[in-house]
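In what follows, a structure is listed as structure tokens, so that the remarks can point back to it.
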Amino acid sequence: MLHYRVRMVEPIHLPSRADRSAALERAGHNVFNLDSEDVFVDLLTDSGTGTMSTAQWAAMFEGDEAYAGSRSFHDLREAVEDVTGLPHTIPAHQGRGAENALYGTLLSEGDVVLNNTHFDTTRAHVANQGAEAVDCPVEGAWDHDSEGEFLGNFSIEKAWDVVDEVGADRVTVVVSTITNNSAAGQPVSLENLRETAQFARDIDALFVLDACRFAENAYFIHEAERSEASERASGETASREREAGQHDRPLAEIARAQFDDADAVVVSGKKDGLVNIGGFVACREESLADRVKARTTLYEGFPTYGGMAGRDLAAMAVGLREAVEPPYVADRVGQVAYLGDLLADADLPVFQPTGGHAVYLDAGAVLTDIPAERFPAQRFVCELYRESGVRAVELGEFAFPGAGRPQLVRLALPRRTYTREHLDHVADGVAAVADRAGEYEGLEVVTEPPMPELRHFSARLRSVPA
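Once you know that position 35 of the sequence shown is 42 in the working numbering, the rest is easy, because the numbers rise by one and skip nothing.
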């Protein structure tokens, strides 16, 4: 059930198939290079692409644009502390600005950073400091046939293996990303967050929470998971708790509990802050916050605005509170599940339960004639655009070269933006590409930037025989 109504509309246009093919060629088979006017339904990312509420727009009109100590900063600081419990907030212009401020402060040459799974900019920031990013996903995290409620969890066992190999003194930062974006947007349990924090304490490392999608993660902890087998057998809805003892707790309380053991938090407000720009670092200890503020001043701006206009600080303060309102987040996660169910019903290899922000499809299991080094997921993304005007993103060998990731296509839904009719169109396009799976060639990179962790943002490709 929708818990909002449309107050403004934007006309969109589906270019002809010939125009889409021409645009794809101009873009070098990289949908990041497409112009937005050439896209019909844009599922490239859920970052900063959603629709703000009337309350957020109203707050923007009252934004305080003072350089230092603005009222809007104090509104944001209070919202961050209410939602997370962390007392020291340092704004940034977006998530990667916050990552630069935090990881540029914490990391040195030769350090090792453990994460349930590093996403692209996180991995790049770690590498940029001369440190090494190591993923510690649980077994089955990258298998669309896996079963489990919390496949986004951090593997303590794998983390200890890394410590045994490199030494505890080199592992200076331990990160848990909620939800686990690179692992099909799967959630992380409260129990696993506590265990990961204890592991970090045991090796004297700092525990950081990458909490861009904290509200969606809290929803998965809170919800009672439906048992589909029981429903089919009885004809009645059956459910069980996803994490014991959590279903009867208020959602906002669960959201805050996720932060209880974190030393620092990095957030892109463009996700569960429900804004088009902005982010922040939050710290538990003032001494760390002061160090982060020094770097923020160099790269972002004065620590009470951090590269953001006062009006944007004000909008994010409202958005953080709206994100933990149960009707909003239930509708948000439910819309993603609707698209996931459409694709699953068409026998397509999607990860289920779907993540809170995106549907992930295993393109390697569809385009089986194209090997990983010829980028089957990128080919799927290109053909989805050619077939339907839908822009998705590749999260396989092209985005994460040499990382051994599965060949995933992510369909990320902007918040409060598209209707079911749009999602029906997406599902039809995905099915059409799958139906022609044996017809496609592979791809090879023609030009790419010097930093491999960022190549998918700008590299150009061409078709080659698979």
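Ideal Cβ placement from N, Cα and C applies to all residues, glycine included.
Please read these numbers as outputs of a predicted model, since none were measured by experiment.
Figure out for me which residue from the options has the closest Cα to the Cα of residue i.
{"i": "Gln414", "options": "Gly326, Trp149, Ala66, Ala316", "result": "Trp149"}
{"i": "Val366", "options": "His20, Asp82, Ala351, Ala99", "result": "Ala351"}
{"i": "Ala438", "options": "Ser79, Leu346, Val299", "result": "Leu346"}
{"i": "Asp217", "options": "Thr179, Thr129, Gln205", "result": "Thr129"}
{"i": "Gly317", "options": "His36, Pro98, Glu448, Glu172", "result": "Pro98"}
{"i": "Phe405", "options": "Pro18, Gln385, Glu146", "result": "Gln385"}
{"i": "Asp268", "options": "Gly449, Gly70, Leu213", "result": "Leu213"}
{"i": "Arg249", "options": "Ala419, Ser196, Asp209", "result": "Ser196"}
{"i": "Met1", "options": "His36, Gly55, Ala131, Ala105", "result": "The requested residue 1 does not occur in the structure, where the chain is confined to residues 8 to 473."}
{"i": "Ser79", "options": "Ala466, Thr91, Gln63, Tyr226", "result": "Gln63"}
{"i": "Glu156", "options": "Glu146, Arg12, Glu164, Thr304", "result": "Glu146"}
{"i": "Ala434", "options": "Gly449, Arg443, Ala444, Leu418", "result": "Leu418"}
{"i": "Arg220", "options": "Ala330, Gly403, Pro257, Cys290", "result": "Ala330"}
{"i": "Val471", "options": "Gln265, Asp376, Asp348", "result": "Asp376"}
{"i": "Asp127", "options": "Leu113, Val272, Asp142", "result": "Asp142"}
{"i": "Ser395", "options": "Leu402, Phe387, Glu401", "result": "Phe387"}
{"i": "Arg177", "options": "Gly159, Leu158, Phe161, Ala207", "result": "Ala207"}
{"i": "Pro22", "options": "Ala30, Val90, Arg263", "result": "Ala30"}
{"i": "Gly159", "options": "Gln136, Asp152, Ser275, Asn187", "result": "Asn187"}
{"i": "Glu44", "options": "Gly55, Pro18, Asp442", "result": "Pro18"}
{"i": "Ala370", "options": "Tyr447, Asp338, Arg298, Ala296", "result": "Tyr447"}
{"i": "Leu430", "options": "Asp348, Gly362, Ala296, Phe464", "result": "Asp348"}
Which whole-angstrom value describes the C-beta separation of residue i and residue j, a residue pair presumed to lie in contact below a C-beta threshold of 8 Å?
{"i": "Arg24", "j": "Tyr392", "result": "Between Tyr392 and Arg24 the Cβ distance is about 10 Å, and since that is not below 8 Å, they are no contact."}
{"i": "Asp53", "j": "Arg422", "result": "7 Å"}
{"i": "His95", "j": "Glu293", "result": "6 Å"}
{"i": "Val373", "j": "Pro356", "result": "7 Å"}
{"i": "Ala138", "j": "Val119", "result": "7 Å"}
{"i": "His36", "j": "Gly314", "result": "Not really, about 33 Å apart at Cβ, beyond 8 Å."}
{"i": "Arg462", "j": "Pro378", "result": "Wrong, their Cβ atoms sit about 18 Å apart, outside the cutoff."}
{"i": "Phe47", "j": "Val397", "result": "6 Å"}
{"i": "Ala322", "j": "Val87", "result": "With 8 Å as the limit, Ala322 and Val87 do not qualify as a contact, their Cβ atoms being about 14 Å apart."}
{"i": "Leu320", "j": "Leu83", "result": "5 Å"}
{"i": "Thr184", "j": "Asn283", "result": "Wrong, their Cβ atoms sit about 22 Å apart, outside the cutoff."}
{"i": "Thr424", "j": "Thr91", "result": "About 26 Å; that fails the 8 Å criterion."}
{"i": "Ala166", "j": "Glu307", "result": "31 Å between Cβ atoms; not a contact."}
{"i": "Phe227", "j": "Gly363", "result": "6 Å"}
If you count every other CB in all the chains shown that lies within 10 Å of the CB of residue i, and 16 or more means buried, which is it?
{"i": "Pro310", "result": "buried"}
{"i": "Gln253", "result": "buried"}
{"i": "Tyr74", "result": "exposed"}
{"i": "Ser189", "result": "buried"}
{"i": "Val453", "result": "exposed"}
{"i": "Tyr194", "result": "The sequence given here has Pro at residue 194, not Tyr. It is buried - the Cβ of Pro194 has at least 16 other Cβ atoms within 10 Å."}
{"i": "His229", "result": "buried"}
{"i": "Asp354", "result": "exposed"}
{"i": "Arg412", "result": "buried"}
{"i": "Tyr312", "result": "buried"}
{"i": "Arg467", "result": "exposed"}
{"i": "Ser115", "result": "exposed"}
{"i": "Pro383", "result": "buried"}
{"i": "Arg427", "result": "exposed"}
{"i": "Tyr11", "result": "exposed"}
{"i": "Phe358", "result": "buried"}
{"i": "Arg469", "result": "exposed"}
{"i": "Ala236", "result": "Low confidence applies to Ala236: its pLDDT is 35, below 50, so where it sits in the model is not reliable enough to give any reading."}
{"i": "Leu4", "result": "Because residue 4 is not part of the residues shown, which for the chain are 8 to 473, the question remains open."}
{"i": "Met15", "result": "exposed"}
Since residue i is in the beta strand (DSSP E), which residue starts that stretch and which ends it?
{"i": "Val453", "result": "449-454"}
{"i": "Asp369", "result": "365-369"}
{"i": "Ser470", "result": "467-471"}
{"i": "Asp82", "result": "Counting along the chain, Asp82 falls outside any beta strand (DSSP E), though it belongs to the alpha helix (DSSP H) covering 78-91."}
{"i": "Ala399", "result": "First-last for Ala399: undefined, no H or E at that position."}
{"i": "Val178", "result": "178-184"}
{"i": "Pro98", "result": "95-99"}
{"i": "Ser60", "result": "No beta strand (DSSP E) contains Ser60, which DSSP labels as neither H nor E."}
{"i": "Val299", "result": "Premise fails: Val299 lies in the alpha helix (DSSP H), 293-306, not in any beta strand (DSSP E)."}
{"i": "Val288", "result": "286-290"}
{"i": "Arg263", "result": "First-last for Arg263: 258-264, but that is the alpha helix (DSSP H), not the beta strand (DSSP E)."}
{"i": "Val274", "result": "271-275"}
{"i": "Leu415", "result": "415-419"}
{"i": "Leu216", "result": "213-217"}
Tell me the residue span of the alpha helix (DSSP H) that contains residue i.
{"i": "His429", "result": "427-442"}
{"i": "His229", "result": "221-229"}
{"i": "Leu121", "result": "First-last for Leu121: 119-122, but that is the beta strand (DSSP E), not the alpha helix (DSSP H)."}
{"i": "Asp209", "result": "197-209"}
{"i": "Val373", "result": "Where Val373 is concerned, there is no enclosing alpha helix (DSSP H), given that its DSSP letter is neither H nor E."}
{"i": "Asp348", "result": "333-352"}
{"i": "Arg103", "result": "102-113"}
{"i": "Leu391", "result": "383-395"}
{"i": "Leu31", "result": "24-33"}
{"i": "Asp45", "result": "It is not in any alpha helix (DSSP H) - Asp45 carries neither H nor E in the DSSP assignment."}
{"i": "Leu327", "result": "317-329"}
Note down, one range per segment and in chain order, each beta strand (DSSP E) of at least 3 residues found wholly within the segment 129-189. List check, beta strand (DSSP E) in window: 139-142, 178-184.
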